[in-house]
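Going by the numbering used here, the sequence shown wraps up at 313, each residue one higher than the last. Note that the Cβ used here is the ideal one computed from N, Cα and C, for glycine as well. Model, not experiment: these values are computed from the prediction. Structure first, commentary second.
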Amino acid sequence: MLNRETAAQTDSPVAAVRAFNRFYTKKLGVLDQHLMQSPFSLSEARVIYELAQRGTVVAKQIGAELGLDPGYLSRIVLSFEDKGLITRTLLPSDRRQQQLALTAKGRQAFAKLDRSSENGVATMLQALDHGARDRLVGAMRTIEQILEPATPARPAFLLRSHRPGDIGWVISRHGAIYAQEYGWDISFEALVAEIGAQFIKSFDPTCEHCWIAEIDGEPVGSIFLVKSTDEVAKLRLLLVEKKARGLGVGRALVEQCIRFAREKNCKTIVLWTQSILVAARDIYRRAGFHLTAEEPHRSFGVDLVGETWEMKL
1 MLNRETAAQT DSPVAAVRAF NRFYTKKLGV LDQHLMQSPF SLSEARVIYE LAQRGTVVAK
61 QIGAELGLDP GYLSRIVLSF EDKGLITRTL LPSDRRQQQL ALTAKGRQAF AKLDRSSENG
121 VATMLQALDH GARDRLVGAM RTIEQILEPA TPARPAFLLR SHRPGDIGWV ISRHGAIYAQ
181 EYGWDISFEA LVAEIGAQFI KSFDPTCEHC WIAEIDGEPV GSIFLVKSTD EVAKLRLLLV
241 EKKARGLGVG RALVEQCIRF AREKNCKTIV LWTQSILVAA RDIYRRAGFH LTAEEPHRSF
301 GVDLVGETWE MKL
């Protein structure tokens with residue numbers, strides 16, 4: 001019989017979860033030195049699986065999502081490269097980061113591992129009758145749903161060219177958002193109004209454009225690309241509504257400007273922003289812009305540090 005202390009430990013939710021983890025990992029054989037009689041450890045197999053699903057991925061991102069120690073991930077990456085399973089290239093927008101991708105040999109290794117894993121699970125399930133298999137799969141789904149509830153689908157957005165009325169919306173939302181979030185006074189709205197009016201008056205569709213981001217027909221973002229010289233374009237008035245942030249709207253707007261500028265044979269894109277606009281600065285940096293100048297100034301009722309960013313095309 002179990003003594004009182006042992007019984008209490010068995011009844012503990014923490015003890016129950018830990019016991020299940022030990023049982024299940026042993027059942028699948030992942031505590032062996034290699035996974036499914038393959039040459040890969042469990043962590044190595046997880047990295048290969050992610051690379052196979054994504055095609056190309058930043059090393060830092062895959063490490064964070066898999067919960068791998070950076071040093072351990074680095075050793076895995078070096079081992080894979082030595083075996084000819086992956087390629088490593090520097091990320092164009094941040095040369096401190098590396099992009100990983102499977103080689104043909106790496107894809108072959110993944111295919112073999114995937115087949116071995118599928119066969120191993122199939123063998124385990126064959127020992128169960130139909131009802132037991134259904135209960136097992138249902139229990140697994142229940143565990144997954146409880147530990148990681150499904151998140152609502154991210155709303156889709158589209159980018160379109162400006163229409164009558166859009167420039168007024170851009171002016172109004174810039175004035176309201178920057179007043180609410182940064183305390184800027186109405187002189188900023190006046191500046192945006194001047195930029196918007198000039199865009200309408202001198203709009204040259206051969207080298208200039210405005211894009212509006214929409215979700216379900218509602219504008220949630222904007223950006224302008226205007227002519228500075230014959231070879232230089234200027235990016236202006238990037239804006240993303242608070243409810244649309246985190247969806248990739250800002251990145252998509254900036255990338256659209258870059259594609260348009262390249263199509264029009266521009267040599268350089270420049271922009272002016274402020275040091276406190278952290279999210280926008282991160283988008284510019286990741287897109288390939290570089291900070292070229294900065295200068296303190298007082299505008300819109302506050303002290304700011306203006307920054308000039310540039311991107312060679």
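- In this structure, V192 sits away from G168, with a CB-CB distance that is not shorter than 8 Å.
- Within the region 165 to 212, the runs of alpha helix (DSSP H) at least 4 residues long that lie entirely inside it are, in chain order, 166 to 182, 186 to 202.
- In this structure, T273 keeps its C-beta atom at 8 Å or more from the C-beta atom of V232.
- Between H209 and S161, the CB-CB gap stays under 8 Å.
- Residue pairing of G306 in beta bridges, as defined by DSSP: Q274, E295.
- With a cut-off of 8 Å on Cβ pairs, the region 99 to 106 is in contact with the region 67 to 85, counting three or more such pairs.
- Looking at the DSSP output, S222 shares a beta bridge with I212, L239.
- 8 Å or more divides the Cβ of A213 from the Cβ of A261.
- For the pair of segments examined, the region 65 to 83 was found to touch the region 39 to 52: the number of CB pairs separated by less than 8 Å reaches three.
- Cβ contact annotation for G183 (same chain, cutoff 8 Å, sequence separation greater than five): G301, V302, in chain order.
- Proximity to Y24 across L158, I258, L136 peaks at L136, based on C-alpha coordinates.
- By the CB criterion at 8 Å, I223 and R251 fall outside the cutoff.
- With 16 or more other Cβ atoms from the protein chains shown falling within 10 Å of its own Cβ, I171 counts as buried.
- Taking 8 Å as the cut-off, the Cβ atoms of V47 and L91 do not count as close.
- C-alpha of L158 to C-alpha of E307: approximately 29 Å in a straight line.
- The beta carbon of E189 sits closer than 6 Å to the beta carbons of G175 from its chain, once the five residues preceding and following it are set aside; these are given in chain order.
- In the DSSP assignment, the residues bridged to Q98 are L90.
- Taking the CA atoms as reference points, G67 sits about 13 Å from E50.
- When only Cα atoms are considered, G165 and P219 end up about 11 Å apart.
- For S161, the enclosing beta strand (DSSP E) starts and ends at 158 to 161.
- Taking C-beta atoms under 8 Å as the contact rule, K234 and L277 fail to qualify, at a distance of about 16 Å.
- By the Cβ neighbour-count rule, M311 is buried, with 16 or more other Cβ atoms within 10 Å of its own.
- Judged by DSSP in its simplified three-state form, A153 adopts coil rather than helix or strand.
- Taking the C-beta atoms as reference points, L253 is found nearer than 8 Å to W211.
- Taking C-beta separations shorter than 8 Å and ignoring five residues to either side along the sequence, the partners of V226 in its chain run F199, E208, A233, K234, R236, following chain order.
- Residue range 56 to 58 is occupied by the beta strand (DSSP E) that includes T56.
- Cα atoms of C257 and S116: separation of roughly 46 Å, rounded to the nearest angstrom.
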